[in-house]
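Below: one structure, written as structure tokens.
Protein chains: 4
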Amino acid sequence: MIKVGIIGATGYAGNELVRLIVQHPDAEVVWYGSRSYIDERYADVYRNMFEIVDEKCLGEDMDRLANEVDVIFTATPQGLCGSLVNEEILNKVKIIDLSADFRIKDVETYEKWYGIKHKSPQFIKEAVYGLCEINRDKTKDARLVANPGCYTTCSILSIYPMVKEGLIDPKSIIVDAKSGTSGAGRGAKVANLFCEVNENIKAYGVTTHRHTPEIEEQLGYAAGEEVLINFTPHLVPMQRGILVTAYANLKKDVTYDEVKAIYDKYYKNEQFVRVLDKDVCPETRWVEGSNYVDVNFKIDERTGRIIMMGALDNVVKGAAGQAVQNMNIVFGLEENTGLQQVPMFP
Amino acid sequence: MIKVGIIGATGYAGNELVRLIVQHPDAEVVWYGSRSYIDERYADVYRNMFEIVDEKCLGEDMDRLANEVDVIFTATPQGLCGSLVNEEILNKVKIIDLSADFRIKDVETYEKWYGIKHKSPQFIKEAVYGLCEINRDKTKDARLVANPGCYTTCSILSIYPMVKEGLIDPKSIIVDAKSGTSGAGRGAKVANLFCEVNENIKAYGVTTHRHTPEIEEQLGYAAGEEVLINFTPHLVPMQRGILVTAYANLKKDVTYDEVKAIYDKYYKNEQFVRVLDKDVCPETRWVEGSNYVDVNFKIDERTGRIIMMGALDNVVKGAAGQAVQNMNIVFGLEENTGLQQVPMFP
Amino acid sequence: MIKVGIIGATGYAGNELVRLIVQHPDAEVVWYGSRSYIDERYADVYRNMFEIVDEKCLGEDMDRLANEVDVIFTATPQGLCGSLVNEEILNKVKIIDLSADFRIKDVETYEKWYGIKHKSPQFIKEAVYGLCEINRDKTKDARLVANPGCYTTCSILSIYPMVKEGLIDPKSIIVDAKSGTSGAGRGAKVANLFCEVNENIKAYGVTTHRHTPEIEEQLGYAAGEEVLINFTPHLVPMQRGILVTAYANLKKDVTYDEVKAIYDKYYKNEQFVRVLDKDVCPETRWVEGSNYVDVNFKIDERTGRIIMMGALDNVVKGAAGQAVQNMNIVFGLEENTGLQQVPMFP
Amino acid sequence: MIKVGIIGATGYAGNELVRLIVQHPDAEVVWYGSRSYIDERYADVYRNMFEIVDEKCLGEDMDRLANEVDVIFTATPQGLCGSLVNEEILNKVKIIDLSADFRIKDVETYEKWYGIKHKSPQFIKEAVYGLCEINRDKTKDARLVANPGCYTTCSILSIYPMVKEGLIDPKSIIVDAKSGTSGAGRGAKVANLFCEVNENIKAYGVTTHRHTPEIEEQLGYAAGEEVLINFTPHLVPMQRGILVTAYANLKKDVTYDEVKAIYDKYYKNEQFVRVLDKDVCPETRWVEGSNYVDVNFKIDERTGRIIMMGALDNVVKGAAGQAVQNMNIVFGLEENTGLQQVPMFP
């Protein structure tokens, strides 16, 4: 039984980690870390857990945690994991960081986009970017996994085959993304009140959103050249779900069947990536509560562009589900262990 | 492996049955019956099932079904199960009927409230009313289980201990219930369009809703006398969830602790009924996607009344989940097999 | 032109006051008071007002306000108006208080239910309870109008004719009310975040909600005897709207036509109260954005009860609209001036 | 008093026309045309109109209508207006067509994208494309006004100044649009049920949506050259509102101030187009219920692109509001008559 500690257990991603691990046959949560709710019963903070989780919330003592658990999930604001981790801890325990601290290899890029000083740049190189479908081989031996961002996972998996095969102009990529509100976290902010979010859609972080360099870096590895994109996130009045609509110029004429074969090449054996049937657009409702990413594409011969689309549940494949998937890889379990939830509809 | 046939597999309750049984270790769906979608791939009707269910939809041939499956779930409009069932079928296969056809023992009451002629009144007596927490002993040997209504399950479980113990005046009970929109089904009706349901709340079926006599009959058994209630359902702009707020006159002064002890007497050993802590009101979000019913109460000394509250997921404990729970009982499995989903939030 | 000052202009009710008065032919806002946003442009707080309102937010200096405006609306937390008002101010300016400070005539009741000490009990007696349809004659000469609560307005107008005519047992009244989330205000609280409110319904303040004594007092005047009710509010995932479903025991057998005649007696000449056609239930969507209250009833011969229902927009007739209606009465304008907005759907 | 006839009065756009004209000082609806609800009271179909509109629904007899009204609004499916209009009717009455029949000047393009044969191509040339801010001079003398599409209005007004001034490459334009569900109409379709739309976002009509050629044609006039765009609409779980996020390559380096000056050049004197302050993104909630379009832009120096954004209420400026604005122009009224509703929030 893998002993799990969660730092940030009372955020939405933290609660989803609890939901998944409670149902995981080979893991159990033994530490519910939460700065805001220390000594409160976890089930008083998240009443869905009433009579399921009896424990109280604890603090963020990573040294102590390292002695008591096998793996630590840090579902915390940027900067925290970077400030807590050290060599001694990494020698004792696996860390799967759901924040951005170890996602970006270039520390200057990180510090510029996030506006904070990185506290542990010495671990950036060894950290494995935990996009399972692409990096699972490296993840197997990782001490420190940088769990990808929600927008990033959806964007990269939607676009990756086309970039990897060199079929689109990497300078022409535009990612227009839409997210449910759980991505904004459980902080008490006016902007996230029901009456502010409901009956509204808006773009935010236009040209400046922090997931931009993360997408660019990973797609750059696939392209073998620098990638610059436009990334525009939008807030949608729903709880869960990310939809990506990405546009790029095709480098040459291609048919549906050719592109379909390319997507299948990368994803046919991936349980959690579903390449939809022709002309079926991904929708967030069909993946809700599950670890699936649904992807598809449409070629526009009039404009010479391809529209690539993807949908996932931001709290599962975009956060906690992928983190558990990474845990499974790190500990040598079947990758889908505890992650076979069927999407719930409606 | 229990072979399951579903008639009405493409309604919302049908889809939830599929979701639950796909994840059930001891059962599998072998017949996806759907009058409207015969020969279409099930996963084209419910794309959450893409790459999970490969089968096509079939018809409603109950004779053939009786030879091919161990249990038939009928998630169909009122009257259909009653018109299909017969002695030969019941000798071959278990039937769990999610419609109202066999819930009400008095056929005249059924025909009056539902406005249809009952086609198989000869089976009403033997049918077991499958409210598991109350009738599980009888269900074990049933050939035909009448799966309770969604409002009914929530109403009865909220009120039952007080009626059973004779603490409230059974003539004074008022049930004000609120339901998500999935309870209205997947039929294409203007009244259920997004723009009609959203940003709205309304009562409907005031004094005439068909769950009224079902609640009255069952509470009458508990009370040992006739029960007449007011039952008012409301449509709420959400997908899943039923909340019941019930009012009754207390027959004598009671304390919180006394009433709490009574609720615990009936529910302490029930996995799926959670009696909440003092002053915590049930909320539908905390049971979403799960088979739980959360109940609680509040005594009002000023008016001499008690307010009894309950929340459940109408598609799970109010329909498919309870049906699977009944299947487990009928087939001698642990009652919670395949039903241990943790409520999903948000 | 009536000069209007608003204290609490940046709450939801305050913003609705601005919306209504901007469109009012005989009034204009000259003071946008807001403790939280002093010196910020009002249109930066509420961008719907961009290029419509150019003013900046000011403070709560009621003495200065009294010299500069003709009427002050206080859309503020309980206790503030009571702490600011004095004889000198009341001699200079009309006050319409949207808080509860002057609604309840019995100061002990106020202090018990609200848990605060009343600062100006000397003005309670002269304050007029501004439920226009019932108290408009008194309001004409008022210096201080206590604008009724949102739940209260809906509850009283739904029940009033039956109580006034002595047709129901005033001890048997149960009010089950449902409200949109704007009623919870614009404060940054976790409980009001989109992800907490959406896909959920819950009761709150069960047996303890502060609108209870307000309803009891006003219905008591109508009944000519003490009234004790059960009042249970619920939070619904929508922005605007209150629906009341009220239950009471009929004192004698009555027909639909008899009761309809009674409702018409009180409301036929009321522009803002619409008694719906037989069997039509009030729905919040049909009054959204308007000053209407839709009411109707249903007699249940089985149980000897009547179900009385009402729907209004909590921000309009439940707050700002009724406040403007009171202003119109106080200043001798046509009561519907600036209040003839047609309900907006969808 | 302008006598107004509406064909299609019981659709969402039709109901909004009624709402606006009921409040219009110089116009009145005298004909509520509705194929589906003939002889039913209009207020029974839309209960917001109870005690406001007493008339019953009538049919679609355009010849009779032409004798009885001054202007006909056709808020009907594509093809209907084209099949009803003729020279005699146009000599008697103004027609403002909310369908697409007369929007596209090239009849082949119309027939290709809409898949229907045009019944009155002889009137296409004289029809004025009623995008008021751009074509008001031509509209003054029009007999037949083609009221623009909802997506189209938002897209064109967001992009127009940049195309007109030649600052962006017209071949590089990508329009990613998001719409509330009222745009899908009031037809009873499974796809538009609450449970299907809620908690979901999806693209639809990818590369094939019919508003594409309309945008291309109008932007082509502004550019003085052919324009080909990618246009991708999305369905958002909200009632009203369209948000456009458009991307294009800048032809040369420009500063914020330069671009702002260009937007101001075209819109400073337009009451219904609000160019927002720097870095403020349009949001649909700030225009709800009003005739405003909020626009803004953001320059991305990294990629050399500009992101142009716009928000409007699809039922008002995207349909009924613009239609009334066109009526005002045609009849020589102040353009904003009856259209000064302040956006409603929340």
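Read top to bottom, the protein sequences are chains L, W, S and U. Counting from 1, position 262 in the first sequence corresponds to residue 262 in my numbering; the numbering is continuous, with no gaps. Heads up, my numbering is the position in the second sequence plus 1000, with the first residue counted as 1. Heads up, my numbering is the position in the third sequence plus 2000, with the first residue counted as 1. Heads up, my numbering is the position in the fourth sequence plus 3000, with the first residue counted as 1. For each residue, glycine too, the CB sits at the ideal point set by N, CA and C.
Among the options, nearest to residue i - alpha-carbon criterion
{"i": "U/Pro-3214", "options": "U/Glu-3051, U/Tyr-3129 and U/Gly-3332", "result": "Reading the sequence as shown, one finds Glu at residue 3214 of chain U and not Pro. Cα-wise, what sits closest to U/Glu-3214 is U/Tyr-3129."}
{"i": "W/Lys-1105", "options": "W/Asp-1169, W/Ala-1311, W/Glu-1216 and W/Asn-1249", "result": "W/Glu-1216"}
{"i": "S/Lys-2265", "options": "S/Asn-2336, S/Met-2162 and S/Arg-2210", "result": "S/Met-2162"}
{"i": "S/Gly-2180", "options": "S/Glu-2335, S/Ala-2146, S/Ile-2159 and S/Ala-2311", "result": "S/Ala-2311"}
{"i": "L/Gln-78", "options": "L/Lys-92, L/Asp-63 and L/Ile-116", "result": "L/Ile-116"}
{"i": "S/Glu-2334", "options": "S/Lys-2140, S/Lys-2003 and S/Trp-2031", "result": "S/Lys-2140"}
{"i": "S/Arg-2302", "options": "W/Asn-1230, W/Gly-1332 and W/Met-1308", "result": "W/Asn-1230"}
{"i": "L/Asn-91", "options": "L/Ala-66, L/Asp-101, L/Ser-155 and L/Phe-102", "result": "L/Ala-66"}
{"i": "L/Val-280", "options": "U/Ser-3155, U/Ala-3203, U/Ile-3052 and U/Trp-3031", "result": "U/Ala-3203"}
{"i": "U/Cys-3154", "options": "U/Gly-3205, U/Tyr-3037 and U/Pro-3282", "result": "U/Pro-3282"}
{"i": "S/Cys-2150", "options": "S/His-2209, S/Asp-2063 and S/Glu-2165", "result": "S/His-2209"}
Sequence-distant residues of its chain with Cβ nearer than 7 Å to residue i (five each side left out)
{"i": "U/Glu-3016", "result": "Val-3315, Val-3316, Ala-3319 and Ala-3320"}
{"i": "S/Leu-2228", "result": "Lys-2171 and Glu-2216"}
{"i": "U/Asn-3135", "result": "Val-3128 and Tyr-3129"}
{"i": "U/Gly-3304", "result": "Asn-3249 and Leu-3250"}
{"i": "W/Thr-1076", "result": "Ile-1007, Gly-1008 and Ser-1099"}
{"i": "U/Glu-3199", "result": "Pro-3237"}
{"i": "L/Ile-329", "result": "Cys-132, Arg-136, Thr-139, Lys-140 and Glu-335"}
{"i": "S/Asp-2169", "result": "Ala-2248, Asn-2249 and Lys-2251"}
{"i": "U/Asp-3026", "result": "Met-3001, Ile-3002, Leu-3333 and Thr-3337"}
{"i": "L/Val-206", "result": "Thr-232"}
For residue i: DSSP bridge partner residues
{"i": "L/Val-275", "result": "L/Val-295"}
{"i": "S/Val-2029", "result": "S/Val-2004"}
{"i": "W/Arg-1041", "result": "W/Lys-1056"}
{"i": "U/Ala-3311", "result": "U/Leu-3243 and U/Asp-3294"}
{"i": "L/Glu-283", "result": "U/Lys-3202"}
{"i": "W/Ile-1329", "result": "DSSP, once it has assigned bridges, lists no residue as partnering W/Ile-1329."}
{"i": "S/Ile-2306", "result": "S/Ala-2248 and S/Ile-2299"}
Residues of its chain near residue i, where Cβ-Cβ distance is below 6 Å and the 5 sequence neighbours each way are ignored
{"i": "W/Ser-1034", "result": "Ala-1009, Thr-1010 and Cys-1057"}
{"i": "W/His-1024", "result": "Gly-1338"}
{"i": "W/Asp-1277", "result": "none"}
{"i": "U/Ile-3174", "result": "Asn-3230 and Tyr-3247"}
{"i": "L/Gln-271", "result": "Asn-336"}
Cβ neighbours of residue i in the same chain (closer than 8 Å, five flanking residues each side left out)
{"i": "W/Val-1107", "result": "His-1118, Pro-1121 and Ile-1124"}
{"i": "S/Ile-2052", "result": "Val-2022 and Ala-2043"}
Any non-hydrogen atom of the ligand PLP within 7 Å of residue i CB
{"i": "L/Leu-131", "result": "Judged by which ligands are present, the structure shown has none, so any question about the ligand PLP falls away."}
Cβ pair count under 8 Å reaching 3, the region 3291–3298 of chain U against the region 3316–3331 of chain U: The answer is yes - the region 3316–3331 of chain U touches the region 3291–3298 of chain U, with three or more Cβ pairs under 8 Å.
Start-end ranges of the alpha helix (DSSP H) lying completely within the region 1124–1209 of chain W, minimum 4 residues: Taking only runs of at least 4 residues, the alpha helix (DSSP H) segments lying wholly in the region 1124–1209 of chain W are 1132–1139, 1150–1164 and 1194–1197.
Beta strand (DSSP E) segments (min. 3 residues) lying fully within the region 1054–1123 of chain W: Listed in chain order, they are 1071–1074 and 1094–1097.
At least 3 beta-carbon pairs within less than 8 Å: the region 2057–2075 of chain S vs the region 2103–2120 of chain S: No: fewer than three Cβ pairs fall under 8 Å.
Touch test, the region 1046–1056 of chain W against the region 334–345 of chain L, Cβ-Cβ under 8 Å, three pairs minimum: Two segments are said to touch when three or more pairs of C-beta atoms, one from each, lie closer than 8 Å; by this definition the region 1046–1056 of chain W touches the region 334–345 of chain L.
Meets three-Cβ-pair contact criterion under 8 Å: the region 1183–1198 of chain W and the region 3182–3197 of chain U: The region 1183–1198 of chain W, when compared against the region 3182–3197 of chain U, does touch it at the 8 Å Cβ threshold.
The region 2331–2343 of chain S touching the region 3058–3066 of chain U, judged by at least three CB pairs closer than 8 Å: As far as the Cβ criterion goes, the region 2331–2343 of chain S does not touch the region 3058–3066 of chain U, which means the pair count is below three.
4-residue-minimum alpha helix (DSSP H) runs that sit fully inside the region 216–272 of chain L, ordered along the chain: Complete alpha helix (DSSP H) runs here, min 4: 256–267.
Three-pair Cβ contact test at 8 Å for the region 118–125 of chain L versus the region 83–90 of chain L: Contact between the region 118–125 of chain L and the region 83–90 of chain L is present, because at least three Cβ pairs lie under 8 Å.
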